[in-house]
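Heads up, the sequence shown stops at 236 in UniProt numbering, and the numbers go up one at a time, no gaps. Beta carbons: idealized from backbone N, C-alpha and C, even for Gly. On a predicted model such as this, the values are computed, not experimentally measured, just so you know.
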Amino acid sequence: MVMHDGQQPSLHWWEKTVEYAFVRWMLPSSSSAIPLAGEVEAAIGDLLLKDPFARFRLIEFKAHQDDIQSEKRKFPKLRGAAFKGLRFQRALLEGHDPLVGHDGAAAHWLVFGAEIDKQFHLKAQRYCEEGAQVLRPGNLVLHSVDLAVMVDYLDQLTAARKREEAAGGSGSLVCCAVADGSVVPLSVNEFLQIACPDLLQAESPDPDPDPDPDPDPDPDDNDDDISPKPGRPSPR
1 MVMHDGQQPS
11 LHWWEKTVEY
21 AFVRWMLPSS
31 SSAIPLAGEV
41 EAAIGDLLLK
51 DPFARFRLIE
61 FKAHQDDIQS
71 EKRKFPKLRG
81 AAFKGLRFQR
91 ALLEGHDPLV
101 GHDGAAAHWL
111 VFGAEIDKQF
121 HLKAQRYCEE
131 GAQVLRPGNL
141 VLHSVDLAVM
151 VDYLDQLTAA
161 RKREEAAGGS
171 GSLVCCAVAD
181 GSVVPLSVNE
191 FLQIACPDLL
201 QAESPDPDPD
211 PDPDPDPDPD
221 DNDDDISPKP
231 GRPSPR
């Protein structure tokens, strides 16, 4: 991550660097921290749903703080001329005020890398607000909400965003659950499969029907039948 630019060493990092640093530095070693996406064991689902005190936070990773402005592209409404030139959080407030005011928005976080005193650090800020805080290793103090609030917030978020970008399997978006003293990172699809599988089933398209169904098959229509047909001479 330390590179030379011809004069002096400088720090360079990527979104995946931030993601892996978050897993290594912020999540306890006892948690199910690797990977951030993939099949979730049934035991994890039981842990999240049976713990009445389970709390959830939604985390998205960016390489740098400036990359946050690219979030505008995920919201079709914010691509319009009325929001051109506005910073992301201001545009989000003007275009999707109900989403910004939702209780779940307080548990939606952006985590990115920053160079402080020539060292790589992680910073976090709320998705809908400006202003960042430095994350101290092993001290995940980001606000979280209960299951019902997070599910409702995700429903509104996916309605405001392009659906596939809001609930996709990308490793750069993770729902981090805290239950029974454990920290469990899940992709959003994994979280929804555990929390509300009926919602995912309702959104799944029906399988394509038979493209050429035969509504009234004729049981007598048999290509192997060589018996004489009316109007044809019988074979000799």
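For a test of the three-state rule: what should DSSP assign to E19, helix, strand or coil? helix
According to the neighbour-count rule (16 or more other Cβ atoms, all chains shown, within 10 Å of its Cβ), is E190 buried or exposed? buried
If you follow the beta strand (DSSP E) that V183 is part of, which residue opens it and which one closes it? S182 to S187
Tell me whether the beta-carbon of F83 lies closer than 8 angstroms to the beta-carbon of Q69. no
Quick check: what's the CA-CA separation for W13 versus H121? 11 angstroms
Backbone CA spacing between Q125 and W109 [nearest angstrom]: 6 angstroms
Whole-number beta carbon distance between L186 and V178, since they are thought to touch under 8 angstroms: Not quite, the Cβ-Cβ distance comes to about 12 angstroms (not below 8 angstroms), so this is no contact.
Consult DSSP for E129 and reduce its assignment to one of helix, strand or coil. coil
Using a Cβ-Cβ cutoff of less than 6 angstroms, which residues in the same chain neighbour L140 once the five nearest sequence positions on both sides are dropped? M26
Using a beta-carbon distance below 8 angstroms, is Q133 in contact with chain D? This model lacks chain D altogether, as it is built from one protein chain only.
Could you tell me whether the Cβ atoms of A107 and L157 are closer together than 8 angstroms? no
Given the structure, does E130 come close to the ligand GTP, in the sense that its CB is under 7 angstroms from one of the ligand's heavy atoms? As far as ligands go, the structure on display features none, and thus does not contain the ligand GTP.
Where K77 sits in the DSSP three-state scheme: helix
Out of L78, V151 and E71, which one is the CA nearest neighbour of Y127? E71
Report buried or exposed for E130, applying the criterion of at least 16 other Cβ atoms within 10 angstroms of its Cβ. exposed
Taking buried to mean at least 16 other C-beta atoms within 10 Å of its own C-beta, is I116 buried or exposed? exposed
Quickly, what does DSSP pair G113 with across the bridge? List them, please. L122
Taking buried to mean at least 16 other C-beta atoms within 10 Å of its own C-beta, is A81 buried or exposed? exposed
Using CA atoms only, rank isn't needed, just tell me which of V145, A160, F112 and L142 is closest to D66. F112
Report the three-state DSSP secondary structure of R55 (helix, strand or coil). strand
Identify the continuous alpha helix (DSSP H) that holds L142 and give its terminal residues. Here L142 belongs to no alpha helix (DSSP H), and DSSP marks it neither H nor E.
Strictly by DSSP, which residues pair up with K72? According to DSSP, K72 bridges with nothing at all.
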